[in-house]
Structures are given as C-alpha cells and as structure tokens.
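A.B. asks: Can you keep this structure in mind? I'll have questions shortly.
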Amino acid sequence: MLNSFIQYCKKFNLISEQDRILIGVSGGVDSCVLLDLFSKTDAKIEVAHCNFNLRGNESDQDETFVRERAEHYMTKIYVKHFATTEYAAKNKISIEMAARELRYNWFEEIMKTENFQTLAVGHNKNDQVETMLINMTRGSGIRGLTGMKPKSNYIIRPLLFASRVQIEQYAQTNKLNYRTDSSNNTDVYLRNKIRHHIIPLFTELNPNFLNTIEKNIEKLTDVFEVYKQKINDEIVRIVVTDNNTTTVSLNELRKLTPIKPYLYEILNNFNFNESVIDDILNIKQEETDKTFLSKTHRLLLNRDFLIIIPISIQSNITNTLINIDTTQIEQPIKLNIKKSKKREAIFFDSKSIHIDLEHITFPLEVRKWQDGDAMKPYGMNGKKKKISDILTDLKINNFKKEEVYVLVCKTEILWLIGYRTSEIGKITENTKSYITISLE
1 MLNSFIQYCK KFNLISEQDR ILIGVSGGVD SCVLLDLFSK TDAKIEVAHC NFNLRGNESD
61 QDETFVRERA EHYMTKIYVK HFATTEYAAK NKISIEMAAR ELRYNWFEEI MKTENFQTLA
121 VGHNKNDQVE TMLINMTRGS GIRGLTGMKP KSNYIIRPLL FASRVQIEQY AQTNKLNYRT
181 DSSNNTDVYL RNKIRHHIIP LFTELNPNFL NTIEKNIEKL TDVFEVYKQK INDEIVRIVV
241 TDNNTTTVSL NELRKLTPIK PYLYEILNNF NFNESVIDDI LNIKQEETDK TFLSKTHRLL
301 LNRDFLIIIP ISIQSNITNT LINIDTTQIE QPIKLNIKKS KKREAIFFDS KSIHIDLEHI
361 TFPLEVRKWQ DGDAMKPYGM NGKKKKISDI LTDLKINNFK KEEVYVLVCK TEILWLIGYR
421 TSEIGKITEN TKSYITISLE
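Letter 164 of the sequence shown, counting from 1, is numbered 164 in the working numbering, and no numbers are missing.
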C-alpha cells in the first residue's frame, strides 16, 4: 500500500520535498494509517487534533491517544478543544456541520500562523462514494456529483485511492492501534445512514459498486470541466465585478438557453440556494427592486441588472460634525475640508462643494439621508425637491441609496454628497471666504 500511496501522491502532485505538511489526526483508522504512511516518506509532518467534546471521557481518551501517536512518530502536535454543541445551536446548523466548520477554520488558522503549505486529511474511497450520495440527496447539481478532489487548494486527500477495507488491512498488517468512534455505529448522522444501509444495498446489487462509482465520478468530473468552461465563457461576458459589487446583465442573461445553469453557477458563488434562483426566474420582467438574501450576500433585482453585495457589518458611526477648524473626517465617509480666502479657479462637480462661509453656521453635520429629506438643488431657483425623487431620477439602485449621505447646516441640506449641491451657501462674486469639501 505504501507504493500505491507514493504513486498516488506523485500522480496528482500532492506533495513536494519543500512542503511542511499538517496532518489532521482524529485517532480513527484512516488518519492513523495516513500518519504512518507519511512517516515512511521524507515528508516534514506535524499533527493537529480536534477535541469536539461530544462524547465525554471518550473524546478525552481520543486526544490522549493522538498525543501518544505524535510522540511515537516524534512529531509536534497541535490540539484544540471546541464547544461544538453550543456552536451548532448558535449558528443553527447540525452537529456534523458545526464540527466540520470548526475543524477547517482552525486548520486554516494553524496553516497561516505556523507557515504550513499543505493540509492532509484521511478521506478514502468509501468516503468519496458517501459524499457523492449525500450531495445527490441534497440536490447539489453536477458539481456535487464529482465528489472530493485529491487536491483542493492547500488540502490533499492522499487516501482516496484506497477502500476502507484496504486501510483496515494495512493497519492490521502493520499492527497499528487506532480508536473507534462509538458514534460511527449509530444512524444519528446522514453519512452513517448511507454507510450502514444504502451502500450495502448497492453492493449487494453490484459487488464492484465502489469502483463503479469511482469510475462514474471520473467521467462526471470530465463532463463538469466541459460544462464549466462553457459557463465561464458566458459569465465573463455578462458579469462585472467592481470592488465588492457584482453586476449581472439580465438582458444578456436572458439570451442564454437554458438560462438556469448559468444563473445557478453565478449565484452559487455567493451562497444563494436553488429556491432563490427559481424565485428570480419566476419574477416578471417588469418587476424591479426585489431583494434576496443568502448567508453572506444581498441580491437586488434592479431593472436590467442583478446587483450583488456582501452583507457587511455597518459602522456604529452614523453621523459626524464638521467644525470651522476640521480638515478631514473618516466616518461615516471620508471627506477633506479646505478653507480659502482668495477665490481660486473653482471646478464645479458632484464630487465636491464650495460653500460661502458667510451663509452657513457651524457645526455642519454629515449623516445618512432620511425619508422626507428635501433640498434646493443648484440651478433650480430655490425650489425644494425630495432627496428620494432626486435619487430616483438619477436611477440610483436601492443598495446604493443605503450608502448615500447628506451635508446639513441646521435644517438645510447643502449637499447630497456625490450627487447634487444646493443653492444655499453657493459661491458668488461677493464671496470673501469659503470652504471646499471633497470626497476623498
């Protein structure tokens, strides 16, 4: 098996001589065999163990065992305890998903702080088939049917070539001790139900079931590569990303047939599920300003575009005062303030405002615009217009409206920042001194 392990690593270029490898070791047979195989190579290895505190004393015994294994192989070990049950309840996810998130988040932390290049985990051929069947039950599409990859970014799975039976035989032949998780014998988790009931039934129908599925995964992976290339060729035409905002042209999207795979691949990157995609497809073309949420992003259906932005943590600072001696503010938006006595060449644009100091009273206030706000736009002879109407005329979408600020003097709006200046305080031939406030 050692030769097969080395050949598999070489075939998929899983390790190099320079790499430091962090091995996730639970104490089970897969991870213990993985550790033993790596110990027989020239790889520079260290061990990471998660204690999820889910099985009382049994979890602590697993930790003690893994510490002993690390000592046996004379390698450094990292151990972390997790309040898994509390994390699952807080995030409203299953225990299985909570353990996975905690495990990989911590692994990634170690990778960064300790400068590891590679993380090795002990998934085997049985795990691969179970994962495919789980994805099938959840409706993950063709992507999910391609299973786990031998290498995904910095994560490698050098045991995907081996069945669980082969791994157990290696452990027996090499007299390797390992721990057996008692929860593996229950049907509490979906993976266990598939392992205990579904796969044995398929194996009864086809004794070569594991290898058959492995071949099917290889074929589906090739099909997915062709599919992905076609999808990406179109996506690059119709999707534009600027800073944290992604814009999808609906006019171009509607020209594609069938439309759903393209929309799915676009929105899947932002954690929108299939039900949201179906809702978008069922909305009438004339309907606008519909908003959808994923766990990480917000989506706005706005006229001819889909606009996607991250769900961000808003600053606690909602307003800031500008005094006569203020030269700059950082929150809630960045503005530069400059006082002038001599009238220089002035350029009028929406990104800055010039205010006659004789016509205003300090402090000025910068705040978000509110329903009911109105101003006297420059050039409209003092007639007031609602801010909401100005933004609508400018075709500002609802997401951008949330980030629009105004500059206020007492009760009068001097500047719809970045869009419109006011008649109030405007520069004239009689102006003796003024301030210029500009967006950074």
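All residues carry an ideal CB built from backbone N, CA and C; glycine is no exception.
Quick caveat, the model's predicted, so the values are computed rather than measured.
What do you reckon, are the CB atoms on Pro207 and Cys9 nearer than 9 Å?
C.D. replies: Contact: no.
A.B. asks: DSSP three-state label for Arg179, please.
C.D. replies: Here Arg179 sits in coil by DSSP.
A.B. asks: For Ser294, which of Lys284, Asn302, Ile309, Thr288 has the nearest alpha-carbon?
C.D. replies: Checked all of Lys284, Asn302, Ile309, Thr288; the closest Cα to Ser294 is Ile309.
A.B. asks: Could you give the DSSP three-state label for Phe224: helix, strand or coil?
C.D. replies: Residue state, collapsed to three classes: helix.
A.B. asks: Measuring alpha carbon to alpha carbon, tell me which of Val29, Asp19, Leu133 ends up nearest Ile155.
C.D. replies: Closest by alpha carbon: Asp19.
A.B. asks: Compare the Cα-Cα distances from Asp233 to each of Ile217, Glu265, Lys219 and report the closest residue.
C.D. replies: If we check each option's Cα against that of Asp233, Glu265 comes out closest.
A.B. asks: State the Cα-Cα distance for the pair Ser39 and Tyr73, rounded to the nearest angstrom.
C.D. replies: Each residue's Cα considered, the two are about 7 Å apart.
A.B. asks: Decide if Ser94 is buried, meaning its Cβ has at least 16 other Cβ atoms within 10 Å, or exposed.
C.D. replies: Looking at its Cβ environment, which holds fewer than 16 other Cβ atoms inside 10 Å, Ser94 is exposed.
A.B. asks: Under the rule that 16 or more other beta-carbon atoms within 10 Å means buried, what is Leu2, buried or exposed?
C.D. replies: With fewer than 16 other Cβ atoms within 10 Å, it is exposed.
A.B. asks: Is the segment 82 to 91 touching the segment 196 to 206, taking contact as three or more C-beta pairs under 8 Å?
C.D. replies: No, the segment 82 to 91 does not touch the segment 196 to 206.
A.B. asks: For Leu220 and Arg191, I'd like the C-alpha separation in whole angstroms.
C.D. replies: The straight-line gap from Cα to Cα measures roughly 22 Å.
A.B. asks: For a minimum of 4 consecutive residues, which ranges assigned as the alpha helix (DSSP H) are wholly contained in the segment 82 to 155?
C.D. replies: You should have 84 to 91, 95 to 113, 125 to 138, 141 to 144.
A.B. asks: I'd like to know if the segment 94 to 108 and the segment 136 to 145 are in contact, where contact means that at least 3 CB-CB pairs between them fall below 8 Å.
C.D. replies: No, the segment 94 to 108 does not touch the segment 136 to 145.
A.B. asks: Within this structure, are the beta carbons of Ile307 and Thr245 separated by less than 9 Å?
C.D. replies: Contact flag set, yes.
A.B. asks: Comparing C-alpha positions only, which one of Gly122, Val129, Asp181 sits nearest to Asp60?
C.D. replies: Ranking the options by Cα distance to Asp60, first place goes to Asp181.
A.B. asks: Please work out which residues of its chain come closer than 7 Å, Cβ to Cβ, to Pro363, disregarding the five sequence neighbours upstream and downstream, and give them in chain order.
C.D. replies: For Pro363, where only same-chain residues beyond five positions count, the Cβ hits under 7 Å are Leu321, Ile322, Asn323.
A.B. asks: For Cys409, write down the residues that DSSP places opposite it in a beta bridge.
C.D. replies: Bridge partners of Cys409: Glu412.
A.B. asks: To the nearest angstrom, how far is the alpha carbon of Glu403 from that of Leu263?
C.D. replies: The alpha-carbon atoms of Glu403 and Leu263 are separated by roughly 27 Å.
A.B. asks: Go ahead and label Gln229 buried or exposed: buried means 16 or more other beta carbons lie within 10 angstroms of its beta carbon, across all protein chains shown.
C.D. replies: Gln229 is exposed by the Cβ-count criterion.
A.B. asks: Using a Cβ-Cβ cutoff of less than 6 Å, which residues in the same chain neighbour Arg303 once the five nearest sequence positions on both sides are dropped?
C.D. replies: Here the set comprises Thr288.
A.B. asks: Would you call the segment 411 to 426 and the segment 376 to 392 in contact, with 3 or more CB pairs under 8 Å?
C.D. replies: Segments in contact, yes.
A.B. asks: Rounded to whole angstroms, what is the Cα-Cα separation between Asp393 and Asn115?
C.D. replies: Rounded to whole angstroms, Asp393 to Asn115 spans 53 Å at the Cα level.
A.B. asks: Going by alpha carbons, who is nearest to Thr131 out of Lys149, Leu119, Thr118?
C.D. replies: Comparing Cα positions, the closest option is Lys149.
A.B. asks: Ordered along the chain, which non-local residues of its own chain (more than five positions away) have a Cβ less than 7 Å from that of Leu133?
C.D. replies: Correct list, in chain order: Ile194, Ile198.
A.B. asks: If you draw a straight line from the C-alpha of Phe82 to the C-alpha of Val366, how long is it?
C.D. replies: So the two alpha carbons sit approximately 44 Å from each other.
A.B. asks: Distance check for Leu300 and Leu14, CA to CA, integer angstroms please.
C.D. replies: The alpha-carbon atoms of Leu14 and Leu300 are separated by roughly 41 Å.
A.B. asks: Can you check whether the CB of Val129 is closer than 9 Å to the CB of Ile259?
C.D. replies: No.
A.B. asks: When burial is assigned at 16 or more other CB atoms within 10 Å of the CB, is Leu210 buried or exposed?
C.D. replies: Flag for Leu210 reads buried.
A.B. asks: Candidates Arg67, Ala43, Gln117, Lys151: which alpha carbon is nearest Gly27's?
C.D. replies: Residue Arg67 is the option with its Cα nearest to Gly27.
A.B. asks: Is Val223 buried or exposed, if buried means 16 or more other CB atoms sit within 10 Å of its CB?
C.D. replies: Classification of Val223: exposed, given that the 10 Å Cβ count is below 16.
A.B. asks: Skipping 5 residues on each side, what residues in its chain have a beta carbon closer than 6 Å to that of Ile45?
C.D. replies: Around Ile45: Ile21, Ile23, Phe38, Thr75.
A.B. asks: Could you tell me how far apart the beta carbons of Asn271 and Thr296 are, in whole angstroms, since I believe they sit closer than 8 Å?
C.D. replies: 5 Å between Cβ atoms; contact.
A.B. asks: Report the partner residues of Leu299 according to the DSSP bridge assignment.
C.D. replies: Answer is Phe292, Ile308, bridged to Leu299.
A.B. asks: Comparing alpha-carbon positions, which option in Phe5, Asn243, Ser249 lies nearest Val236?
C.D. replies: Nearest C-alpha to Val236: Ser249.
A.B. asks: Do you know offhand how far Tyr405's Cα is from Asn282's?
C.D. replies: Approximately 35 Å between the Cα atoms of the pair.
A.B. asks: Are Thr428 and Ser340 close, meaning C-beta to C-beta below 9 Å?
C.D. replies: Result no, Cβ atoms of Thr428 and Ser340 do not sit closer than 9 Å.
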